[in-house]
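Contents: one structure, followed by commentary.
2 protein chains.
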Amino acid sequence: MSLLVVGTVAFDDIETPFGRAEKVVGGAATYIALSASYYTKDIKIVSVIGDDFPEADLQDLRTRGVDLEGLQVKRGEKSFFWAGKYHANMNERDTLDTQLNVLADFDPVLPASYQESDYIMLGNLTPSVQMRVLEQLQRPPKVVALDTMNFWMDTALDELMEVLKKIDILTINDEEARQLSGEHSLVKAAEKIHEMGPRYLVIKKGEHGALLFAENQIFFAPALPLAEVFDPTGAGDTFAGGFMGYLASTDDLSFENMKRAVIYGSAMASFCVEKFSTERLKELDDDQITERMLRFVQLVNFDAKI
Amino acid sequence: MSLLVVGTVAFDDIETPFGRAEKVVGGAATYIALSASYYTKDIKIVSVIGDDFPEADLQDLRTRGVDLEGLQVKRGEKSFFWAGKYHANMNERDTLDTQLNVLADFDPVLPASYQESDYIMLGNLTPSVQMRVLEQLQRPPKVVALDTMNFWMDTALDELMEVLKKIDILTINDEEARQLSGEHSLVKAAEKIHEMGPRYLVIKKGEHGALLFAENQIFFAPALPLAEVFDPTGAGDTFAGGFMGYLASTDDLSFENMKRAVIYGSAMASFCVEKFSTERLKELDDDQITERMLRFVQLVNFDAKI
């Protein structure tokens, strides 16, 4: 199945306790597409960049099966840019700079060839832009997943609530789930969020793993305990890419299969943080991914002997 | 196998967003023994109380198979007392009052009949008191587990490091593991803590579950996602009680069995927080515990299909 990815394609400056990386390739759509490309070679991106973006990086995406027809290139303009610095604990970060550039008046346009996509991943963006993509779909897709963040809850809650009605899967972190629902208990938060629209909810807890809520069932996936977290940038998007890439490739929305998708997403995120930027995501092979899946099995598997 | 439990038997005043409980029975040894009593009926307590402690509560422990010969009763003195108030998120609490009372000059005395204990759980106490118990053992036990906290790392680090050399299993929370080791990564923290003495390390992460590190293997147990957390007091001790009670009853230190012990400990902790004080821990039966074990299996079980 074809996976449509909407999100930023951007540059990042990243500073962690382990070093600095300047003007490296980033953006939600980049991480999502790279991660998903290990599961499906039929990925379509809707995004916008300036003419400052290296052709080699675009070509790299194309060779991984990523269709860039929906990637608008604005002549004479600059790509979205974010600069951030991580604290020593790697769980918190300060945004040092945000330059919207081409993103300021981004109007997504869905090419005709993208209409066949049945799996849609709306990466973190203004809710009205996410909605604009859904409005252009001529037939209902099988699955729409949406990632968002507290910033949109603070500044565009009404638009966010509107788009939530149209989607199937919401991915947010635990604090965002609490903010959106007004409930501290994640079980109660999930109940309220289901009522807002999404049948499925994935709560990302970073180093504490992820929870999948669906049809009165709960699944918990741990994060892999790592000796080194080098750069957490893009880990959430990488999770979403592995999760949706696996779902699109298997075209199976049973709870059993969604659990596997959460584990594949977690496995991809565990690779992402091992090097700066998208570096680690570009050098994986199937054996490495399988080996990591086995580590997840070992990590949580026990014989209850009941 | 007999389980020897060392720790406080005390009174608590507890305030949570859900209500108040005054002068209810608490203390690490109480929670540990109650929790362990669902696995073994051969439990021996070493502790100290004043003459203000209700005989009915002591009798209740005895009927659950808890030997109180090593419980000193100080005439004319008062039992240890703690008062605390939980924040709205239930993860943080303020200590409002601590009255050491009988604990101020506690000198633990091991009755002769306790010498047969092969499993020993040293609840959170001054490291020198934990050491005094180990010094009275006439033959090496099979397993010594120790619980401690940041307060002793701040005020009695040398004594703590001495007793760590003598134990097999350390149970602490994630922030304490980081403080003790000076490492942010829990994987690296575990390596350093193994070098301090304990072969096994259990890192308790509250609502985020628990990690077991042993012999280059890692096991992760989630916390059960709960709609209501009524009172977290004693959850860590209840975990330790279920963990050590199960180990003592099975007398099997294989990694597979220790994983089950971590899940049983997590299951007991998930009951503990459902009501004030030790209330929920007094009314369980085997069917409820088995049903909860099955919920843990469902929560993490997935078919990797590799």
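Sequences listed follow chains H and F, in order.
225 is the number that our numbering gives to position 155 of the first sequence; each next residue is one higher, with no gaps.
161 is the number that our numbering gives to position 91 of the second sequence; each next residue is one higher, with no gaps.
Where is the CB? At the ideal position from N, CA and C, for every residue including glycine.
Bear in mind the structure is a predicted one, so any value in this text is a computation, not a measurement.
Range of the contiguous alpha helix (DSSP H) that encloses H/Asn243
Within the first sequence, residue 243 of chain H is the residue found at index 173, counting from 1. That residue, H/Asn243, is in no alpha helix (DSSP H); its beta strand (DSSP E) goes Ile239 to Asn243.
Starting from H/Lys155, trace the beta strand (DSSP E) in both directions and tell me its first and last residue.
Stepping through the first sequence from its first residue, residue 155 of chain H is reached at position 85. Per DSSP, H/Lys155 belongs to the beta strand (DSSP E) from Phe151 to Tyr156.
I'd like to know whether the C-beta of F/Glu298 is nearer than 8 Å to at least one C-beta of chain H.
By 1-based counting over the second sequence, the position of residue 298 of chain F is 228. Yes - at least one Cβ of chain H is within 8 Å of the one on F/Glu298.
For H/Leu207 and H/Val76, believed in contact at Cβ under 8 Å, the rounded distance
Taking the first residue of the first sequence as 1, we reach residue 76 of chain H at position 6. Taking the first residue of the first sequence as 1, we reach residue 207 of chain H at position 137. The pair is not a contact, with the Cβ atoms about 11 Å apart (cut-off 8 Å).
Strictly by DSSP, which residues pair up with H/Gln185?
Indexing the first sequence from 1 puts residue 185 of chain H at position 115. According to DSSP, which records beta bridges pairwise, H/Gln185 is partnered with nothing at all.
Taking F/Ala18 and F/Gly279 to be in contact with their CB atoms under 8 Å, please state how far apart those CB atoms are, rounded to whole angstroms.
Look at the range of chain F in this structure, 71 to 376, and you will see that residue 18 of chain F is not part of it.
Mind listing the chain F neighbours of H/Val367? Cutoff is C-beta to C-beta under 9 Å, in chain order.
To locate residue 367 of chain H, count along the first sequence from 1; it is residue 297. Residues of chain F passing the Cβ test: Phe372, Ala374 and Ile376.
So, for H/Leu230: in the same chain, excluding its five sequence neighbours on each side, which residues have a beta-carbon less than 7 Å away from its beta-carbon?
Start at 1 with the first residue of the first sequence, and residue 230 of chain H comes out as number 160. Apart from sequence neighbours up to five positions away, the residues of its chain that approach H/Leu230 with a beta-carbon distance below 7 Å are Pro197, Thr218, Trp222 and Met223, ordered along the chain.
I'd like to know whether the C-beta atoms of H/His264 and H/Leu271 end up nearer to each other than 8 Å.
In the first sequence, residue 264 of chain H corresponds to position 194, counting from 1. In the first sequence, residue 271 of chain H corresponds to position 201, counting from 1. Yes. Within cutoff.
Buried or exposed for F/Thr348, going by 16 or more other Cβ atoms inside 10 Å?
In the second sequence, counting from the first residue as 1, residue 348 of chain F sits at position 278. So F/Thr348 ends up on the buried side.
Please name the residue or residues paired with F/Tyr270 in a DSSP beta bridge.
Counting from 1 along the second sequence, the entry for residue 270 of chain F is found at position 200. Paired residues: F/Ile239 and F/Ala284.
Keeping to the same chain, check which residues put their C-beta closer than 8 Å to that of H/Lys144; ignore five residues upstream and five downstream.
Start at 1 with the first residue of the first sequence, and residue 144 of chain H comes out as number 74. Hits under 8 Å: Val118, Ile119, Gly120, Asp121 and Val172.
When the Cα of H/Val94 is compared with those of H/Phe81, H/Glu85 and H/Pro87, which residue comes out closest?
Working through the first sequence from its first residue, we reach residue 94 of chain H at position 24. Looking only at H/Phe81, H/Glu85 and H/Pro87, the smallest Cα-Cα distance to H/Val94 is reached by H/Phe81.
Do we get a CB-CB distance below 8 Å when we pair F/Phe290 with the residues of chain H?
Mapped onto the second sequence, residue 290 of chain F falls at position 220. With 8 Å as the cut-off, F/Phe290 counts as an interface residue toward chain H.
Taking DSSP as the reference, what is the three-state secondary structure of H/Leu351?
Here residue 351 of chain H corresponds to residue number 281 of the first sequence, with the count starting at 1. In the structure shown, H/Leu351 sits in a helix (DSSP, three-state: H, G or I).
Inter-residue CB distance, H/Ser340 and H/Leu296 (contact presumed, cutoff 8 Å)
The sequence position of residue 340 of chain H within the first sequence is 270, counting from 1. The sequence position of residue 296 of chain H within the first sequence is 226, counting from 1. Your pair H/Ser340 and H/Leu296 checks out as a contact, with CB atoms roughly 7 Å apart and the cut at 8 Å.
For my contact list, H/Leu170 and H/Gly154 are in at a C-beta cut-off of 8 Å; report their separation, rounded to the angstrom.
Taking the first residue of the first sequence as position 1, residue 170 of chain H is located at position 100. Taking the first residue of the first sequence as position 1, residue 154 of chain H is located at position 84. Going by Cβ atoms, the distance from H/Leu170 to H/Gly154 rounds to 15 Å, so no, they are not a contact pair.
Integer-rounded CB distance, given that F/Ala98 should sit under 8 Å from F/Asn194:
Working through the second sequence from its first residue, we reach residue 194 of chain F at position 124. Working through the second sequence from its first residue, we reach residue 98 of chain F at position 28. With a contact defined as Cβ atoms closer than 8 Å, F/Asn194 and F/Ala98 qualify at about 5 Å.
I'd like the span of the alpha helix (DSSP H) that includes H/Glu229, first residue to last.
What you label residue 229 of chain H is simply residue 159 of the first sequence in a count that begins at 1. Start and end: Leu227 to Leu234.
Could you give the first and the last residue of the continuous alpha helix (DSSP H) run that contains H/Thr360?
Residue mapping note: residue 360 of chain H aligns to position 290 of the first sequence, counting from 1. Run containing H/Thr360: Asp356 to Val370, per the alpha helix (DSSP H) assignment.
What is the rounded straight-line gap between the Cα of F/Asp357 and the Cα of F/Ile288?
For this step, residue 357 of chain F is matched to residue 287 along the second sequence. For this step, residue 288 of chain F is matched to residue 218 along the second sequence. The straight-line gap from Cα to Cα measures roughly 29 Å.
Quick check on H/Ile190: does DSSP put it in helix, strand or coil?
Here residue 190 of chain H corresponds to residue number 120 of the first sequence, with the count starting at 1. H/Ile190 falls in the strand class under three-state DSSP.
So for F/Ile376, helix, strand or coil by DSSP?
By one-based count along the second sequence, residue 376 of chain F stands at place 306. In this structure, F/Ile376 counts as coil in the three-state DSSP scheme.
Bridge-paired residues (DSSP) for H/Lys275
The count along the first sequence starts at 1 and reaches residue 275 of chain H at position 205. DSSP output for H/Lys275 lists no bridge partner at all.
If you compare alpha carbons, which of F/Glu92, F/Arg163 and F/Glu186 is closest to F/Asp137?
Locating residue 137 of chain F in the second sequence gives position 67, where the first residue counts as 1. When each option's Cα is compared against that of F/Asp137, the closest is F/Glu186.
Closer than 8 Å, CB to CB, is H/Ile119 near chain F or not?
Residue mapping note: residue 119 of chain H aligns to position 49 of the first sequence, counting from 1. No, H/Ile119 does not count as interfacial toward chain F.
Min CB distance F/Val30 to chain H below 8 Å
Residue 30 of chain F cannot be examined here, being either before or after the span of chain F that is shown, 71 to 376.
List the residues of chain H that F/Pro379 touches, going by C-beta distances under 7 Å, in chain order.
Coverage of chain F is limited to positions 71 through 376, which leaves residue 379 of chain F absent and any answer about it impossible.
Output, in chain order, the set of chain H residues within a Cβ distance shorter than 7 Å of F/Lys329.
As a position in the second sequence, residue 329 of chain F is number 259, starting the count at 1. Those are Phe372, listed as they occur along chain H.
In terms of alpha-carbon separation, which member of H/Phe123, H/Arg134 and H/Leu204 lies closest to H/Gln142?
Stepping through the first sequence from its first residue, residue 142 of chain H is reached at position 72. The shortest C-alpha to C-alpha distance from H/Gln142 to any of H/Phe123, H/Arg134 and H/Leu204 is the one to H/Phe123.
Are the C-beta atoms of H/Asp285 and some chain F residue less than 8 Å apart?
Counted from its first residue, the first sequence places residue 285 of chain H at position 215. Note that residue 285 of chain H corresponds to Glu in the displayed sequence, not to Asp. H/Glu285 does not count as touching chain F.
Could you say which of F/Pro87, F/Ala174, F/Val213 and F/Gly311 lies nearest to F/Met338 if we only look at CA atoms?
Start at 1 with the first residue of the second sequence, and residue 338 of chain F comes out as number 268. Distances from the CA of F/Met338 to each of F/Pro87, F/Ala174, F/Val213 and F/Gly311 were compared; the closest alpha carbon is that of F/Gly311.
Quick one: Cα of F/Leu323 to Cα of F/Gly306, how far?
Start at 1 with the first residue of the second sequence, and residue 323 of chain F comes out as number 253. Start at 1 with the first residue of the second sequence, and residue 306 of chain F comes out as number 236. Here the alpha carbons of F/Gly306 and F/Leu323 stand approximately 21 Å from one another.
Grab me the residues of F/Tyr156's own chain with a C-beta within less than 6 Å of its C-beta, minus the 5 sequence neighbours each way, in chain order.
Translated into the one-based positions of the second sequence, residue 156 of chain F becomes position 86. Result list for F/Tyr156: Thr86 and Arg163, in chain order.
Cross-chain neighbours of F/Lys235 in chain H, by beta carbon under 8 Å:
Numbered from 1 along the second sequence, position 165 holds the residue referred to as residue 235 of chain F. Those within 8 Å of F/Lys235 in chain H number zero; the least Cβ separation is about 25 Å.
Under 8 Å by Cβ, that's how I've got F/Ile273 and F/Ile242 pegged, so tell me the actual separation to the nearest angstrom.
Mapped onto the second sequence, residue 273 of chain F falls at position 203. Mapped onto the second sequence, residue 242 of chain F falls at position 172. The Cβ separation is near 7 Å, so the contact holds.
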